[in-house]
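In this text, residue positions in the sequence shown follow this note's numbering: the first is -1, and each later residue adds one.
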Amino acid sequence: MSYLDKNLLAGETIVFRTRLHWGLYVPPALFTLLVMVPFAVLLFVNGAVPWAAVPPGLGLVWIVAAHIRRQSSEFAVTNKRVVIKLGVFTTRSVELLPSKIEGVGVEQTMWGKLFGFGDIEVTGSGGTKERFSGIQSPFEFRRAIQQATDLPPGA
-1 MSYLDKNLLA GETIVFRTRL HWGLYVPPAL FTLLVMVPFA VLLFVNGAVP WAAVPPGLGL
59 VWIVAAHIRR QSSEFAVTNK RVVIKLGVFT TRSVELLPSK IEGVGVEQTM WGKLFGFGDI
119 EVTGSGGTKE RFSGIQSPFE FRRAIQQATD LPPGA
């Protein structure tokens, strides 16, 4: 059961939910395949067989860390609030009431447009800004926030 499912308020329902994009696996996977595996082969060929498993093992640890980061991150809009939770060991949780949100910005690179991820910046009343990177379906998340807050489109 997720953090959000455990902490729903009475009468609260989830309207939209997203997470960090799968692209966060790309850097550790590429590094492991392009650097760590060839390094392990080099160790193996040069007779350092016991050490040959270390580089791919380190790459695997990095991939597992990315998986934990993705699984422990939640972005949701409910009928009562916007909830964003990141992390396991160090947790960052942001909960905003729809009436206190002034705007939501989305930034997408060319790669973000191709693969469906981007950064969002939520501006609360008083000008406080919360920025989150690598969000899957950022425009849909913004649309759900706008519908919850009755913000005009494009805000």
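For each residue, glycine too, the CB sits at the ideal point set by N, CA and C.
Terminal residues of the continuous alpha helix (DSSP H) containing residue i?
| i | result |
| --- | --- |
| Gly122 | Segment 115 to 122 is the beta strand (DSSP E) holding Gly122; no alpha helix (DSSP H) there. |
| Val24 | 24 to 29 |
| Val33 | Where Val33 is concerned, there is no enclosing alpha helix (DSSP H), given that its DSSP letter is neither H nor E. |
| Leu2 | 1 to 4 |
| Gln106 | Taken as a continuous stretch (DSSP letters only), Gln106 belongs to no alpha helix (DSSP H), as it is neither H nor E. |
| Leu7 | No alpha helix (DSSP H) holds Leu7; DSSP gives it neither H nor E. |
| Trp60 | 52 to 69 |
DSSP beta-bridge partners for residue i?
| i | result |
| --- | --- |
| Ala74 | Arg15, Val81 |
| Gly101 | Thr121 |
| Lys111 | Paired residues: none, contrary to the question. |
| Arg129 | Glu119 |
Please state whether DSSP places residue i in a helix, a strand or coil.
| i | result |
| --- | --- |
| Gly92 | According to the sequence shown, residue 92 is Val rather than Gly. If DSSP states are grouped into helix, strand and coil, Val92 belongs with the strands. |
| Val47 | helix |
| Gln134 | strand |
| Val86 | coil |
Within a Cβ cutoff of 7 Å, which residues of the same chain sit near residue i, ignoring the five residues on either side of it in sequence?
| i | result |
| --- | --- |
| Tyr23 | Ile61, Ala64 |
| Gly116 | Val104, Glu105, Gln106, Gly110, Ile133, Pro136 |
| Pro54 | Thr30, Met34, Val35, Ala38 |
| Gly21 | Phe113, Phe115, Gly132 |
| Thr11 | Thr76, Asn77 |
| Pro142 | With the sequence shown as reference, residue 142 is identified as Ala, and Pro is not the correct amino acid for it. Closer than 7 Å at the Cβ level, and outside the excluded window around Ala142, lie Val13, Phe14, Val75. |
Can you find a CB in chain B that lies within less than 7 Å of the CB of residue i?
| i | result |
| --- | --- |
| Val39 | The chain inventory of the structure shown lacks chain B, comprising one protein chain alone. |
Could you name the residues of the same chain whose beta carbon sits closer than 8 Å to that of residue i, not counting the 5 residues immediately before and after it, in chain order?
| i | result |
| --- | --- |
| Gly85 | Arg67, Ser70, Ser71 |
| Met122 | Here residue 122 turns out to be Gly, not Met, going by the sequence shown. Cβ neighbours of Gly122 beyond the five flanking positions: Leu94, Lys98, Ile99, Glu100, Glu128. |
Below 6 Å CB to CB, which residues in the same chain sit around residue i once its five sequence neighbours on both sides are set aside?
| i | result |
| --- | --- |
| Pro96 | Ala146, Thr147 |
| Leu41 | Trp49, Ala50 |
| Ser91 | Lys83 |
| Leu18 | Arg68, Ser71, Gly132 |
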